[in-house]
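With our numbering, letter number 280 in the sequence shown gets 284, and the count goes up by one each step, no holes. In this text, a Cβ means the ideal position worked out from N, Cα and C, and glycines have one as well. Working notes, beginning with the structure itself.
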Amino acid sequence: MIRRLTVLRTGSTDPYHNLALEELLLHSVAPGQCILYLWQNQHTVVIGRNQHAANECRIRELEADGGHLARRLSGGGAVYHDLGNLNFTFLVPTGDYDLARQNEVILSAVQAVGVRAEKSGRNDLTVEGKKFSGHAFYRTGDKSYHHGTLMVAVDKAIMSRYLNVSPLKLQAKGVASVKSRVANLTDYLPGLTIAALSDALVRAFSAVYGLPVEELREQELDAGRLAEGIRRFASPEWKYGDCRPLETSREARFDWGTVRLDYTLADGVIAEAALWSDGLEADYLSAVPALLRGCALTPQALAARLAPTAPDASVARDLAGLALQKEE
Numbered sequence: 005m006i007r008r009l010t011v012l013r014t015g016s017t018d019p020y021h022n023l024a025l026e027e028l029l030l031h032s033v034a035p036g037q038c039i040l041y042l043w044q045n046q047h048t049v050v051i052g053r054n055q056h057a058a059n060e061c062r063i064r065e066l067e068a069d070g071g072h073l074a075r076r077l078s079g080g081g082a083v084y085h086d087l088g089n090l091n092f093t094f095l096v097p098t099g100d101y102d103l104a105r106q107n108e109v110i111l112s113a114v115q116a117v118g119v120r121a122e123k124s125g126r127n128d129l130t131v132e133g134k135k136f137s138g139h140a141f142y143r144t145g146d147k148s149y150h151h152g153t154l155m156v157a158v159d160k161a162i163m164s165r166y167l168n169v170s171p172l173k174l175q176a177k178g179v180a181s182v183k184s185r186v187a188n189l190t191d192y193l194p195g196l197t198i199a200a201l202s203d204a205l206v207r208a209f210s211a212v213y214g215l216p217v218e219e220l221r222e223q224e225l226d227a228g229r230l231a232e233g234i235r236r237f238a239s240p241e242w243k244y245g246d247c248r249p250l251e252t253s254r255e256a257r258f259d260w261g262t263v264r265l266d267y268t269l270a271d272g273v274i275a276e277a278a279l280w281s282d283g284l285e286a287d288y289l290s291a292v293p294a295l296l297r298g299c300a301l302t303p304q305a306l307a308a309r310l311a312p313t314a315p316d317a318s319v320a321r322d323l324a325g326l327a328l329q330k331e332e
């Protein structure tokens, strides 16, 4: 049961600092506590844990223009952050994780400032059918977080310049571009500021949970662990990953996400494998390449490797079917 509410609003706009701070807060959250973390990144593309960096972002253009590529811990798709965007994270012990209640905080805050927002699908918030907030989720041990974006006044032209969105994903959404399916809150409420929305979120946080909110300062946290996290999130190994091409590449869109699976065969056995996806089950998808190495390319062998730890039986079936798919 949540007995204590805490909010941290960072003044940093550095993505590696902010992602490291988010991770540190996750490890710091106490039993009965819910932390609301509010943060902004300047000129950054943030990709999901298992996404192929070059497939999702025009990295050269972004970095040549002084921008940053960052990879988060959670699954999901790539997003563009500038100072017209406000990010939120709810961090709680897993037993107190309550997505409906957490979404109620966001919706209550947005509605309180005067925008008629509603929940749509698995992890989007929309206004008049257009997405202004996408969400992702992460769990480690007995702690979890739910985070997302709130588009207040994002430069959508710049966003489209740097993001590469899979045609399979756009086709599934029935739109021609990412720009056409998103909206800023200022499209519906001109003059809305980040500060006003931030204050509304803190008020809604208190109202929804029925508790007072305490302020937390970064200086109260472990500076050494924060510095270590910043180095890791900023490292090329974490940001770009291992994108070496393999012999066979298959891509498909499923109900749970878009997937690209690459592998090399030796005598009918998968010798090397790599997987990239915007699926939300980050830990399982990260483990798939190791599960596939040494596996015979047969339905029975693939099912035996993929099914036991799959979050859902359909995910294992879809991945096995993709591996077995014949080249057109």
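Please return the same chain residues whose Cβ sits closer than 7 Å to the Cβ of residue i, not counting the five positions on each side in sequence.
| i | result |
| --- | --- |
| L326 | R254, A256, V263 and L265 |
| G36 | M5, I6, R7 and R8 |
| A305 | C299 |
| T14 | N22, L25, W43 and E222 |
| E219 | V11 |
| L193 | V117, G118 and V119 |
Would you identify the three-state DSSP class for residue i, choosing helix, strand or coil?
| i | result |
| --- | --- |
| I274 | strand |
| Y84 | strand |
| W242 | helix |
| G261 | strand |
| D102 | coil |
| R75 | strand |
| E219 | strand |
| G178 | Because G178 carries a pLDDT of 47, less than 50, the predicted location of this residue cannot be relied on, and no value is offered for it. |
| E108 | helix |
| G233 | helix |
| N188 | coil |
| N22 | helix |
| I6 | coil |
| P194 | coil |
| A256 | strand |
| D226 | coil |
Within 10 angstroms of its Cβ, does residue i collect 16 or more other Cβ (buried), or is it exposed?
| i | result |
| --- | --- |
| D18 | buried |
| R336 | Absent from the model: residue 336. The displayed extent of the chain is 5 to 332, so no value can be given. |
| K330 | exposed |
| R53 | buried |
| S318 | exposed |
| A180 | The pLDDT assigned to A180 is 44, lower than 50, so where the model puts this residue is not dependable, and the model offers no usable value. |
| S239 | exposed |
| A320 | buried |
| T93 | buried |
| E60 | buried |
| E285 | buried |
| L328 | exposed |
Less than 8 Å between C-beta atoms, sequence neighbours within five positions excluded: which residues of the same chain meet that for residue i?
| i | result |
| --- | --- |
| W242 | R75 and R236 |
| L111 | A121, E122, K123 and L129 |
| R165 | R62 and E65 |
Only counting the same chain, and skipping five residues up and downstream in sequence, which positions put a Cβ closer than 6 Å to that of residue i?
| i | result |
| --- | --- |
| I234 | Y20, H21 and A24 |
| V83 | V50 and T153 |
| A314 | A320 |
| S72 | In the sequence as displayed, the identity of residue 72 is His instead of Ser. Cβ within range, chain order: P19 and T48. |
Query raised in the report: Do the stretch 196-205 and the stretch 124-141 touch if we need at least three Cβ pairs shorter than 8 Å?
Result: Result no; under three Cβ-Cβ pairs closer than 8 Å.
Query raised in the report: Counting Cβ pairs closer than 8 Å, one from the stretch 152-164 and one from the stretch 75-95, do we hit at least three?
Result: Counting Cβ pairs under 8 Å, three or more are found: they touch.
Query raised in the report: Does the stretch 145-153 come close enough to the stretch 101-119 that 3 or more CB-CB pairs lie under 8 Å?
Result: As far as the Cβ criterion goes, the stretch 101-119 touches the stretch 145-153, which means the pair count is three or higher.
Requested in this report: Would you mind listing the beta strand (DSSP E) stretches within the stretch 131-176 that are 3+ residues and don't spill past its ends, in chain order?
Outcome: The stretch 131-176 contains these whole beta strand (DSSP E) runs: 134-144 and 147-155.
Query raised in the report: With contact counted as at least three CB pairs below 8 Å, one residue from each stretch, are the stretch 26-34 and the stretch 205-213 in contact?
Result: The stretch 26-34, when compared against the stretch 205-213, does not touch it at the 8 Å Cβ threshold.
Query raised in the report: Can you list the alpha helix (DSSP H) stretches of 4 or more residues lying completely in the stretch 36-69, in chain order?
Result: Listed in chain order, they are 57-60 and 63-68.
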